[in-house]
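Number of protein chains: 4
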Amino acid sequence: MITEKTLKEIFKINIYRWKTAITLIEKNSITTRGYSIEDLIENVNFADIIFLLLMGDLPSQKESKMLNAILVSFCDHSITPPSTQVARLTSSTGSPLNASLAAGLLAFGEKHAGAIEKAMKLLQDTIKLCETEKDIPSLAKQITDKHLQNAKKIPGYGHRYHHKDPRAARILKVAEKLECTGPHTQLAKEIEKTLHKTKKIHINIDGANAAILSDLGFHWSTGTGIFMIGRLPGLIAHINEEKTQEKPFRKTLKLEEIQYYGKKPKKITI
Amino acid sequence: MITEKTLKEIFKINIYRWKTAITLIEKNSITTRGYSIEDLIENVNFADIIFLLLMGDLPSQKESKMLNAILVSFCDHSITPPSTQVARLTSSTGSPLNASLAAGLLAFGEKHAGAIEKAMKLLQDTIKLCETEKDIPSLAKQITDKHLQNAKKIPGYGHRYHHKDPRAARILKVAEKLECTGPHTQLAKEIEKTLHKTKKIHINIDGANAAILSDLGFHWSTGTGIFMIGRLPGLIAHINEEKTQEKPFRKTLKLEEIQYYGKKPKKITI
Amino acid sequence: MITEKTLKEIFKINIYRWKTAITLIEKNSITTRGYSIEDLIENVNFADIIFLLLMGDLPSQKESKMLNAILVSFCDHSITPPSTQVARLTSSTGSPLNASLAAGLLAFGEKHAGAIEKAMKLLQDTIKLCETEKDIPSLAKQITDKHLQNAKKIPGYGHRYHHKDPRAARILKVAEKLECTGPHTQLAKEIEKTLHKTKKIHINIDGANAAILSDLGFHWSTGTGIFMIGRLPGLIAHINEEKTQEKPFRKTLKLEEIQYYGKKPKKITI
Amino acid sequence: MITEKTLKEIFKINIYRWKTAITLIEKNSITTRGYSIEDLIENVNFADIIFLLLMGDLPSQKESKMLNAILVSFCDHSITPPSTQVARLTSSTGSPLNASLAAGLLAFGEKHAGAIEKAMKLLQDTIKLCETEKDIPSLAKQITDKHLQNAKKIPGYGHRYHHKDPRAARILKVAEKLECTGPHTQLAKEIEKTLHKTKKIHINIDGANAAILSDLGFHWSTGTGIFMIGRLPGLIAHINEEKTQEKPFRKTLKLEEIQYYGKKPKKITI
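Chains as they are written, first to last, in our numbering: chain A, 514 to 783; chain B, 514 to 783; chain C, 514 to 783; chain D, 514 to 783.
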C-alpha cells in the first residue's frame with residue numbers, strides 16, 4: 514500500500530524542520546550526547562552535564578571538581594551587579610520569576626559580563642602564538658605594555674569593589690591542587706605579576722576562571738554562558754527575597770533624587 | 514503529471530505550520546486586515562494602524578484623534594517607573610537597544626502596568642450590569658464602598674508622585690470635545706467623585722484612559738498593550754540618553770548603601 | 514570633628530538603598546549565607562550552592578547527591594520544547610547569547626514550566642492535611658477522582674512525547690537509594706497507581722521531581738527556578754549549535770506554510 | 514532650625530541618583546522636552562511625540578506626516594519574521610503579553626532588524642563625503658561596486674519574500690509628495706538603479722525608510738528603535754491572536770520533524 518511515508522520518501526518531501534546533535538528523543542527514550550538520560554541521572558553530577566553539553570563528552574574526576582569550583586565561585590555578589598538590581602526591580606513590579614530572571618540576564622551586557630570571554634580570547638589567542646613555555650613571560654609583558662600604552666584595561670584584572678578579589682586566589686589554588694593548570698593559567702599569573710608591579714592591580718575572578726577554563730579546553734565563546742549558569746541560582750535567591758521580604762511596587766526613587774538638566778518650559782506653537 | 518502539490522492535495526498532507534487573520538503576504542503584496550499596505554501608507558496615521566490591528570478595522574476621525582491623545586498621554590514619566598530604571602540599568606551594561614527595551618518591558622509587571630487593565634475590566638464588568646444610565650451613580654457607590662471596606666485600592670485612582678495627575682483631567686477634556694465618552698467614562702467620573710469626598714483621591718491617567726478606551730470599544734485585555742506602545746518611545750529615549758550621556762557600567766551602588774541582615778559568618782563543617 | 518558619617522548617624526539620614534540576607538560584601542571579602550566564598554569554593558559542589566542559596570544552609574551528602582540527580586534529569590529535551598525553539602530562533606537573528614537565553618526563559622510560561630510548581634503545591638497542600646501515613650492512599654484517590662470528574666489533568670502526570678517518561682522511574686529509584694523519599698513521594702506514587710489503572714497515564718519527570726523536592730523541604734515556589742537552572746546548560750548548547758551550525762537568519766517558514774483566514778481585500782474609504 | 518535639607522546643602526551630600534534631560538516631573542506636573550504634558554495631549558499626535566522624544570523637538574506638519582507613514586509601513590509582515598514566531602511561541606506557553614513582546618523584541622537581532630541602521634549609516638557616512646549633488650551617482654556606483662566585488666549584500670536592498678517590496682516604492686512616493694527627500698534618498702535611488710541593472714535587485718522598505726529618515730535628520734542609531742515602535746502593534750496583535758485563537762501549549766513540532774546527527778548511544782565508563 515502507498516502510505517504517506519512511502520510517498521515522502523519517493524518524492525523526497527523534506528519533513529525536517531530542525532536538526533540537532535545534542536539530544537535524540539524517541540518515544541520513551543532520551544539520549545544526550547550519546548548517553549541515556551537514565552545512565553546520566555544515576556552516575557554524574559550537575560557540573561558534569563554542563564561539561565557534557567558544552568564540550569561534547571563527560572569530564573574526568575578532576576575536571577569535574579574543577580568546573581564545580583568555578584561555578585561555585587560565580588554564585589553571588591549581593592546587589593552590586595546591575596543584573597541583580599534589574600532582576601529585583603523587575604520582580605518588584607509583580608513580574609513572575611522567569612521574566613525577572615530574563616531581565617537579569619539581559620543586563621549581562623558586554624561591559625558587565627564580557628570580561629570573562631574577552632580574557633579567555635586574549636589568553637587563547639596569545640597561547641596559540643607560543644611555541645615553548647619560555648615565551649610566556651615575554652608575551653605577558655607584551656600584553657601588559659600594549660594595554661598600558663593604550664590606557665586600556667586588561668580584561669580579568671582589577672575589581673570595582675575589591676582591591677584583591679578573594680575568589681581569584683582561592684580558585685587558582687584549587688586549580689593547582691587538581692592539576693588543572695596549564696599555559697593559560699601560567700600566562701594569566703605572569704600578567705598579574707607585571708600588572709601588580711606597575712599598577713598594584715590584581716587578577717579577579719573572571720581572569721582566574723578564564724585562565725582555568727581555557728586550560729580545561731573550553732572555547733572562549735562559552736565563557737559568558739558558564740558565568741550565567743553560575744550566577745543563575747543567586748539571581749533566583751534575590752528574586753525570591755524581593756518577592757517575600759519587600760513590599761510590591763515599592764518606591765525606589767524620590768523626585769528629589771532625579772536631576773533634571775533638560776529644556777526650559779515652553780508653549781507649543783504650530 | 515503527478516506533482517508534489519497534487520500529492521499533497523490528494524493525501525491531505527498538512528503543510529500549514531501557522532495560521533493568521535492579520536496579514537496576507539503574497540509575492541510583492543502585503544494586505545493587513547483587508548487593506549493593501551500601499552493604501553495604508555498613503556492614507557492613515559500610526560494610531561490608525563494600532564486601532565486597525567487591535568480592533569479589526571480603521572477608526573473614525575474622532576476615534577483616531579482620541580487614540581492619538583491617549584498614546585501621547587503615556588509617553589514618559591522620567592526615571593520614576595521601575596521599567597525605565599531597568600531599561601537604563603540594562604543599557605548601562607552595554608546591552609543593545611532591543612535587549613534593554615525588552616528588559617524594560619519585563620518590568621511592566623502586574624503591580625506596575627496592571628492598573629489600566631484592571632480598571633478597564635472593572636468598568637466593563639460593571640457597565641454590563643447596567644440597564645439604564647441612572648444606575649451608574651449607585652454602581653459607582655457600590656464599587657467604592659466595597660473597595661474601602663476591604664481596604665483595597667480602586668485601580669486607576671491615586672498616584673505615587675502626584676496628588677492630582679495632570680494628564681487625567683486633560684485627556685477627559687479631550688474625550689469630551691471629541692465626543693468619545695460614554696457610560697464607562699461616566700462611571701469612572703462618578704467613582705472619582707465618591708472617592709474624592711471620602712479619601713481626597715483623584716482619578717489618574719490609567720483610570721481616565723481605561724474609561725475612554727472602554728468607550729471606544731477596546732476589550733480590557735488590550736489595555737497593557739496600548740500602554741506599552743505609548744511608553745516605548747520614552748524608553749528608547751532613556752536608553753539613548755544612557756548610552757550617549759553616561760559612562761558605561763557606571764557604579765550605581767556603593768557597598769555602604771546595602772544593608773545586610775543575614776547570617777553571621779561560620780565555618781563549613783561536613 | 515563632625516563628619517558626614519556622624520551627621521548621617523545623628524540625623525538618621527537613611528542611606529540604605531537595598532537590603533539583603535543573602536551575601537555580605539566587604540572590601541576583599543564575600544560571605545554567602547554565612548560562609549566565606551573561599552570556604553565554599555574549596556569544599557562544596559555547584560548543587561550544594563543552589564541548595565544553600567534557596568534553602569538557607571548546605572545539604573547533607575545524600576541531599577546533595579539527590580539535588581544533583583534532579584538537576585541532571587532536567588538537562589535537555591531536544592528541540593521539542595517551545596523554550597528551546599524560541600532560544601534558537603532568537604539566536605538565529607544574530608542576537609547575543611544572553612538575549613537568546615532570556616528569550617528562552619520567557620517561554621517557560623505557566624503552561625510549559627508550570628507543572629512542577631503546581632505538582633509541588635498539590636502534594637504539599639495535600640500532605641499538610643495528612644495526619645498519618647495511612648491517609649495517603651485515600652488522599653491520592655480523592656485527588657485523582659476530583660481531577661477526573663472535572664476532566665482536568667493532574668500536574669506531573671502524562672507526557673506529550675512519551676508514554677512512560679524514562680526519567681521519572683530512574684529519579685525515583687535514585688531517591689529511594691539515597692533515602693530522600695517521604696510522604697510526598699509516597700503520595701505521588703499512589704496517584705500514579707490510581708491514574709494508571711483508570712487512564713494508563715504514568716508520572717512524568719515534573720511529577721517525580723516535585724515529589725522528591727517536596728520531601729527535601731523545598732517550598733513549591735522554588736520549583737520553576739530549579740527547573741530553569743537545570744535546563745539552562747541545554748539552552749546554551751542549543752544556542753551554540755544554532756550559532757555555529759546554521760546559517761544566520763535562515764528562512765524558517767515559507768509563504769505556503771501560512772494559512773490566511775482573515776478579511777478579503779478592500780479599499781480605504783474615509 | 515537645622516533641617517536635613519540644610520545639612521544636605523551645607524555638606525553637599527550628593528542626593529542625585531539619576532539625571533535626565535527628557536522629562537521633568539514635579540508634583541502635579543509633567544514636562545517633556547520643555548512642553549507640558551497637557552499641551553502635548555491636546556495638540557500633537559503620537560508620531561509627533563516619537564519625533565519629540567528622539568529628535569528633541571516637535572516636527573513640522575510634513576515631517577509629522579512622513580514619520581507617520583514610515584511607522585505605518587513597518588506594521589506587520591505576518592508570521593514570516595522570527596520575531597513574530599518567537600512572540601507567538603512564547604505566548605503559547607502561557608506567558609503574559611509583556612513577556613511575549615519582550616521575547617519578540619529579543620529576536621530583533623542584528624541579522625533581522627539591523628538592516629535599517631546599517632543602511633542609514635552607509636547613507637549618512639557617504640553623504641558626509643559629498644560636496645555637491647553631482648557626486649551622488651558616482652558615490653552610488655562606488656558603493657555598489659565595492660559590495661559586489663566583496664560578494665556582500667548592500668543593506669536595504671532585496672527581500673526574502675518579495676522581488677519588489679511593495680512598501681518601498683509607495684513610501685518613496687509619499688516622501689516625494691511631502692518634500693521630505695534629500696541627498697540620502699537620492700543616493701539610495703541611485704544605488705537601486707545600479708543594483709537593478711546588474712543584479713535585478715530592488716530597494717526594500719528598510720532601505721527606503723533609512724534614506725527618508727536620514728533626510729529627516731534622524732541619526733542612524735535611532736533606526737532600529739523606530740522599526741521596533743512601528744512593529745510593536747503588529748506583535749501585540751499576533752500575541753492576542755495566539756492567546757484567543759490557538760490551544761495553549763499546542764504541539765508545534767513532531768519528533769519526526771527533528772533530524773538527529775549526533776553521537777551514537779554509548780555507556781558511561783568512569
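Even for Gly, the Cβ is constructed at its ideal location relative to N, Cα and C.
Query: For Ala-628 (chain D), tell me which candidate among D:Arg-683, D:Lys-779, D:Asp-658, D:Thr-735 has the shortest Cα-Cα distance.; Result: D:Thr-735
Query: Should Lys-713 (chain C) be labelled buried (16 or more other beta-carbon atoms within 10 Å of its own) or exposed?; Result: exposed
Query: Hey, quick one: how far does the alpha helix (DSSP H) through Lys-575 (chain B) stretch, first residue to last?; Result: 574-586
Query: Taking DSSP as the reference, what is the three-state secondary structure of Glu-539 (chain D)?; Result: strand
Query: Using a C-beta to C-beta distance shorter than 8 Å, which residues of chain A count as neighbours of Pro-595 (chain B)?; Result: Leu-602, Thr-603, Ser-605, Thr-606, Phe-762, Thr-765
Query: If contacts are defined as beta-carbon pairs under 8 Å, then Tyr-670 (chain D) and His-625 (chain D) qualify, I think. What distance do you get, rounded to the angstrom?; Result: That pair is no contact at about 16 Å.
Query: Spell out whether any CB of chain B is found under 8 Å from the CB atom of Trp-733 (chain D).; Result: no
Query: From the beta carbon of Val-599 (chain B), is the nearest beta carbon of chain A less than 8 Å away?; Result: yes
Query: Could you give the distance in angstroms between the alpha-carbon of Leu-565 (chain C) and the alpha-carbon of Gln-637 (chain C)?; Result: 21 Å
Query: Given a limit of 9 Å on CB to CB distance, which residues of the segment 655-670 of chain D reach chain A?; Result: none
Query: Would you decide whether Glu-551 (chain D) is buried or exposed? Buried here means 16 or more other CB atoms lie within 10 Å of its CB.; Result: buried
Query: Going by DSSP, what residues sit across from His-732 (chain B) in a beta bridge?; Result: Its beta-bridge partners do not exist; DSSP assigns none.
Query: Pick helix, strand or coil for His-697 (chain A), following the three-state DSSP scheme.; Result: helix
Query: Look up His-590 (chain A) in the DSSP assignment and give the residues it is bridged to.; Result: A:Ile-592
Query: Decide if the segment 694-707 of chain D is in contact with the segment 638-655 of chain D; the criterion is three or more beta carbon pairs, one per stretch, under 8 Å apart.; Result: yes
Query: Quick one: what does DSSP say Lys-532 (chain C) is sitting in, helix, strand or coil?; Result: strand
Query: Taking C-beta pairs closer than 7 Å, name the residues in chain D that Glu-703 (chain C) reaches, listed in chain order.; Result: Chain D residues near Glu-703 (chain C): none, gap ~27 Å exceeds 7 Å.
Query: For a cutoff of 8 Å on Cβ pairs, would you count Arg-744 (chain B) as touching chain D?; Result: no
Query: Since Ser-549 (chain D) meets chain A, which of its residues come closer than 8 Å, beta carbon to beta carbon?; Result: Pro-778
Query: DSSP state of Lys-712 (chain C), grouped into three classes?; Result: helix
Query: Report the residues of the segment 687-712 of chain A with a CB closer than 8 Å to any CB of chain D, ordered along the chain.; Result: none
Query: Counting pairs of Cβ atoms below 8 Å between the segment 639-647 of chain B and the segment 590-604 of chain B, do you hit three or more?; Result: no
Query: Under DSSP, the beta strand (DSSP E) around Ile-771 (chain B) begins and ends at which residues?; Result: 771-773
Query: Could you check if Lys-767 (chain B) is buried or exposed, using at least 16 other CB atoms within 10 Å of its CB as the buried criterion?; Result: exposed
Query: Cα separation between Ser-613 (chain A) and Leu-745 (chain A)?; Result: 11 Å
Query: Would you identify the three-state DSSP class for Ser-549 (chain D), choosing helix, strand or coil?; Result: strand
Query: Can you check whether the CB of Ala-632 (chain B) is closer than 8 Å to the CB of Gly-720 (chain B)?; Result: yes
Query: Between Asp-678 (chain A) and the rest of its own chain, which residues show a CB-CB distance below 7 Å, the 5 nearest in sequence each way excluded?; Result: His-672, His-715, Asn-717, Ile-718
Query: Considering Cα atoms alone, identify which of C:Glu-539, C:Met-568, C:Ile-535, C:Tyr-548 is closest to His-732 (chain C).; Result: C:Met-568
Query: Interface residues of chain D around Gly-622 (chain C) at Cβ under 9 Å?; Result: Thr-603, Ser-604, Ser-605, Thr-606, Gly-607, Ser-608, Pro-609, Ala-612, Ser-613, Pro-761, Phe-762
Query: Use the C-beta contact count for Asp-570 (chain A): other C-beta atoms within 10 angstroms, 16 or more gives buried, fewer gives exposed.; Result: exposed
Query: Identify which residue in A:Thr-597, A:Thr-544, A:Gly-775, A:Asn-556 has its Cα closest to the Cα of Lys-776 (chain D).; Result: A:Thr-544
Query: Note down, in chain order, every chain A residue with its Cβ under 8 Å from the Cβ of Ala-534 (chain D).; Result: Tyr-773, Tyr-774, Gly-775, Lys-776
Query: Are the beta-carbon atoms of Ile-667 (chain A) and Leu-708 (chain A) separated by less than 8 Å?; Result: yes
Query: If the criterion is Cβ atoms closer than 8 Å, does the pair Ser-586 (chain D) and Asn-722 (chain D) meet it?; Result: yes
Query: Between which two residues does the alpha helix (DSSP H) harbouring Val-687 (chain D) extend?; Result: 679-690
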